[in-house]
Amino acid sequence: MKNYTSVHDIDNINSWIKEARTLKESPLSHMGLGTNKTIGLLFFNSSLRTRLSTQKAALNLGMNPIVMNVSGDAWGIEFEDGSVMNGGTAEHIKEAAAVVSQYCDIIAVRAFPSLTDKAKDESEYVLNAFIKHASVPIVNMESATGHPLQALTDAITISEYSKVAKPKVVLTWAPHVKALPHAVANSFTQAMQKMDVEFVITHPEGYELNPDITGNTPIVYDQKEAFANADFIYTKNWSSYKDYGKILNNDLDWMVTAEKMALTNSAKFMHCLPVRRNVVVADAVLDSENAIVIPQANNRTFAAQLVLKKILENL
Amino acid sequence: MKNYTSVHDIDNINSWIKEARTLKESPLSHMGLGTNKTIGLLFFNSSLRTRLSTQKAALNLGMNPIVMNVSGDAWGIEFEDGSVMNGGTAEHIKEAAAVVSQYCDIIAVRAFPSLTDKAKDESEYVLNAFIKHASVPIVNMESATGHPLQALTDAITISEYSKVAKPKVVLTWAPHVKALPHAVANSFTQAMQKMDVEFVITHPEGYELNPDITGNTPIVYDQKEAFANADFIYTKNWSSYKDYGKILNNDLDWMVTAEKMALTNSAKFMHCLPVRRNVVVADAVLDSENAIVIPQANNRTFAAQLVLKKILENL
Amino acid sequence: MKNYTSVHDIDNINSWIKEARTLKESPLSHMGLGTNKTIGLLFFNSSLRTRLSTQKAALNLGMNPIVMNVSGDAWGIEFEDGSVMNGGTAEHIKEAAAVVSQYCDIIAVRAFPSLTDKAKDESEYVLNAFIKHASVPIVNMESATGHPLQALTDAITISEYSKVAKPKVVLTWAPHVKALPHAVANSFTQAMQKMDVEFVITHPEGYELNPDITGNTPIVYDQKEAFANADFIYTKNWSSYKDYGKILNNDLDWMVTAEKMALTNSAKFMHCLPVRRNVVVADAVLDSENAIVIPQANNRTFAAQLVLKKILENL
């Protein structure tokens, strides 16, 4: 594997899950792999879990992490080809990516979408510019349309907590005060489509994700119907895809509550975090024994570590 | 020892001082203790000495430090239980502390008081939320009401520079242009109360510290009287505790000057730094041979290193 | 060598270039030199290459880099002697430099000029305050008037790409939308004056650099004439030195284009980066095979590594 930019880079999700769980049992068993190797973590946006877990994963492999908040530590980066750079950007990605490639053996990038320019966001111009202009492997730490480190984390977590051969997994939309990206929902959908699960998406009408991604996955507009017999409730807000980046009106009743969780097969509650309590999900759910958001977040380390391991083995 | 959050966590200050001074003589003698262990330094507020010395202390023990400016690198953290998070905070401390605990073997936190809500500040809601919700040891890098790494530093420094069996130590208030916390003064007071020193506090009327902390420590309102025969002058500004967070009017004459230092027993001048020259203390004092603020700051490393060593030994 | 603050600290540029190129061939061959040593990188201004390459250089030598954005992570630093610090600065450089010296074995500093107060900028008050008040070696990561790590990089790069015994090197001014410092141009000039090259500077009238620096170096006001037979075109914008910090009017035609490059002896195109495309230089030049800005940037690591190696050997 060269880059890890999408769930499609996972060639065999079951073997990846198995390998990640083995890594988790002895996280320091491959420290030699990364010795004297450097990973640059470039953040165009805020981060807590990704920032810390990717550093931890790199350290577990013996690597030296170097972290940079691009806008705060350096300056605005230009992504448009041919532009006359007489405005707010001081360096073109052509130079930036090529230069950083010489200081780092792997580059990991976080860059959120605008949520205003659908075509530009869907072009994944930041991530793809790094892929094009960098000379080292690129890891997606959440891009405009995908968060494949999170999705791998989620797949590992579901495999750990599943009590049946083919669990029912429900991705449910939930309300939020801000317009949020589709990246987590997209990548989770793609991961579930690769796993042996019964996968259902539920959201209010108007919040359909990109149909190229959801494909044949059933969409249920009645949240309670979707929750019936679920083994996993994966909750996430996203803004409208059709009416791109907008918060629609019909949002109010979708918070995940204990009453709704009671409709499930004692389902585990998952969320990528950060989560707004009592907006996205009620305290009673998040504080219940069925919430597994904390061990889920722990798996961020081992998902990242597996990805870095695979890249290092291929350097 | 699990956490180090207050001077009260020092079970025997004399043996701690002795052990810190031994560490200082061979700072790399326990590098194996921290190998493959990670400390997360979480800053809710600015820092220079604490930021650098705690990293240095961790490195001296073989640990990997990971530094995060919480607000700038991540987002606003919610500390209120049961809140409906539809405002400016994006993640609850319940999740944040539990999650970070999985990436770091020790969490160190800096969080200053509001100086507007006395009850909330005194509840130490940030520090205590970390203690409650984290699953790893917590180190206080200055909280609303205490700065115990500084106080341990100060105790070590006084032991190094003391020429008499029972030195006279004076904590003097000094003017400042901004309203400052009580944390340093509180912890210094608590440390001096544990040591075999003659300890006196001097400040203008109205600047009394929390009486639960000062206890039986003599308070002298005449700065010159307090300075008489002093062996150590520890200078620090703080805002009013009674008229909480306010700067009172009667402040003007309290800058520490060479004239006032002449009243002492050739006292050493101490300050936790940063210090505003010619506001808190005159250049002539800070530039004199009796100023020991630089070696005092050097001891920050060994105070932190001792605390981390004790925690690591107990993991 | 104690400090590296100026090109004048290079005692023999040819032997330095040779040693840097040897380091480049086996960058990890001196890892023992920096073991358990710490370098503090203090940024008063933004940085990408310097930030990453200096960390990389330190890691290659086994050092622990600690990075701090001074204003963002800490607070405003006072540089004026005798000032009454009742304004925006919270700590004097006397304390800051002395304190940081105790946590770091080497301090590297970036501090740009004001471009408004010529005398103050030329006094190099930030860099010189660190030299005066720190007790450890100081490395200049770009100061008000010089960027000697860049100049050493440039010298290494020219030696690598030179096809003739005495190449013609042209430093050409180019337009920019912002008023920029003279540091890169100054240090490049000083480095070229030490090398066996035919060195020419070209810029519009009014953009003369400090004559104390340019000395006997020929200045040609006709850019095309200067380009004739050049082997290296080193491009950089700077603001007026005479009319200090100002952008003058006669700037428009000086962008480096393919047409102008055609006048040269198939010259290599160099720039310190970041560079504004189609303002400073046309895409056609930067995307041509003769542009060597990326390998030039790569040499930042080995220039920094050589400097740190020389300092470490002398500790």
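Protein chains in written order, with our numbering: chain A, 1 to 315; chain B, 1001 to 1315; chain C, 2001 to 2315. All C-beta atoms, glycine included, are put in the ideal place defined by N, C-alpha and C. The structure displayed is predicted, hence computed values, not measured ones.
Identified DSSP bridge partners for methionine 1270(B)
Tyr1234(B)
Is the separation between the beta-carbon of phenylalanine 1044(B) and that of valine 1126(B) shorter than 9 Å?
yes
Does the stretch 258-270 of chain A come into contact with the stretch 1069-1089 of chain B, if we say contact requires no fewer than three beta-carbon pairs (one atom in each stretch) closer than 8 Å?
Touching, no.
So, do the stretch 1050-1067 of chain B and the stretch 1032-1042 of chain B have three or more beta carbon pairs nearer to each other than 8 Å?
yes
So with CB distances below 9 Å, who are the chain E contacts of glycine 2146(C)?
Here the protein chains are A, B and C, and chain E is not one of them.
Which complete beta strand (DSSP E) runs does the stretch 2254-2314 of chain C hold, if anything under 3 residues is left out?
2268-2270
Between which two residues does the beta strand (DSSP E) containing asparagine 140(A) stretch?
Note, asparagine 140(A): beta strand (DSSP E), 138-140.
When you check each C-beta in the stretch 35-64 of chain A against every C-beta of chain B, which residues fall closer than 7 Å?
Ser46, Ser47, Leu48, Arg49, Arg51, Leu52, Ser53, Gln55, Lys56 and Leu59
I want to know whether the stretch 294-305 of chain A touches the stretch 1088-1099 of chain B - three or more CB-CB distances under 8 Å.
yes
For the candidate residues Glu225(A), Ala282(A), Glu160(A) and Thr153(A), whose alpha-carbon lies nearest to that of glutamine 305(A)?
Thr153(A)
Could you confirm whether any beta carbon from chain B is found closer than 9 Å to the beta carbon of glycine 2087(C)?
Interface residue, yes.
What residue does the beta strand (DSSP E) around isoleucine 66(A) start on, and which one ends it?
64-69
Proximity to valine 200(A) [Cα-Cα], best of Asn210(A), Thr214(A) and His92(A)
The alpha carbon of valine 200(A) has as its nearest neighbour, out of Asn210(A), Thr214(A) and His92(A), the alpha carbon of Thr214(A).
Return no unless some Cβ of chain C is closer than 9 Å to the Cβ of isoleucine 355(A).
Lying before the first or after the last residue shown, residue 355(A) is absent from chain A, which here runs from 1 to 315.
Quick one, are the C-beta atoms of tryptophan 173(A) and proline 137(A) less than 9 Å apart?
Their beta carbons are not under 9 Å apart, which means tryptophan 173(A) does not touch proline 137(A) by this criterion.
When you check each C-beta in the stretch 2273-2292 of chain C against every C-beta of chain A, which residues fall closer than 9 Å?
Leu2273, Pro2274, Val2275, Arg2276, Arg2277, Asn2278, Val2279, Val2280, Asp2283, Leu2286 and Asp2287
Across the stretch 235-255 of chain A and the stretch 166-181 of chain A, are there enough close Cβ pairs to call them in contact, namely three or more that are closer than 8 Å?
yes
Is it the case that the Cβ atoms of leucine 149(A) and isoleucine 1066(B) are separated by a distance below 9 Å?
no
Using a C-beta cutoff of 9 Å, does asparagine 1014(B) count as contacting chain C?
False, the Cβ-Cβ gap to chain C never drops below 9 Å.
Enclosing alpha helix (DSSP H) for tryptophan 16(A) [first to last residue]
13-25
Distance between valine 1307(B) and alanine 267(A) (C-alpha atoms, nearest Å)
Going from the Cα of alanine 267(A) to the Cα of valine 1307(B) covers about 43 Å.
Interface residues of chain B facing aspartate 2073(C) [CB-CB closer than 8 Å]:
Phe1043, Ser1046, Ser1047, Leu1048, Arg1051 and Asn1069
Name, please, each residue of chain C whose Cβ falls closer than 7 Å to the Cβ of tyrosine 103(A).
Leu2052, Ser2053, Lys2056 and Thr2301
Between the beta-carbon of tyrosine 1015(B) and the beta-carbon of glutamine 1190(B), is there less than 9 Å?
As written in the sequence, residue 1015(B) is serine, which differs from the tyrosine given in the question. Result no, Cβ atoms of serine 1015(B) and glutamine 1190(B) do not sit closer than 9 Å.
Expected contact under 8 Å - CB spacing of asparagine 2290(C) and phenylalanine 2269(C) to nearest Å:
At roughly 5 Å, the Cβ-Cβ gap stays under 8 Å, so asparagine 2290(C) and phenylalanine 2269(C) are in contact.
Roughly how many angstroms separate the alpha carbons of lysine 2194(C) and valine 2220(C), rounded to a whole number?
Going by the C-alpha atoms only, they are around 20 Å apart.
Closer than 7 Å between beta carbons: that is the criterion. Which residues of the stretch 1016-1032 of chain B meet it against chain C?
Leu1028
Whole angstroms is fine: what's the gap from asparagine 2237(C)'s alpha carbon to asparagine 2003(C)'s?
28 Å
Mind checking proline 1218(B): buried by the 16 CB within 10 Å criterion, or exposed?
exposed
Mark leucine 1286(B) as exposed unless 16 or more other C-beta atoms lie within 10 angstroms of its C-beta, in which case mark it buried.
buried
Assigned secondary structure, phenylalanine 2043(C) (DSSP; H/G/I helix, E/B strand, else coil):
strand
Under a Cβ-count criterion, where at least 16 other Cβ atoms within 10 Å of its own Cβ denotes burial, should lysine 1166(B) be classed as buried or exposed?
With a threshold of 16 other beta carbon atoms within 10 Å, lysine 1166(B) falls short and is exposed.
In its own chain, which residues sit with a C-beta less than 6 Å from the C-beta of valine 2169(C), not counting the 5 before and 5 after it?
Met2192, Val2197, Phe2199 and Phe2232
Give the straight-line distance between the Cα atoms of tyrosine 241(A) and histidine 1271(B), rounded to the nearest whole angstrom.
57 Å
Classify leucine 2331(C) as buried or exposed, calling it buried when 16 or more other Cβ atoms lie within 10 Å of its own Cβ.
No statement about residue 2331(C) is possible, as the shown extent of chain C runs from 2001 to 2315 and does not include it.
Please confirm whether threonine 2235(C) and valine 2279(C) have their CB atoms less than 9 Å apart.
No.
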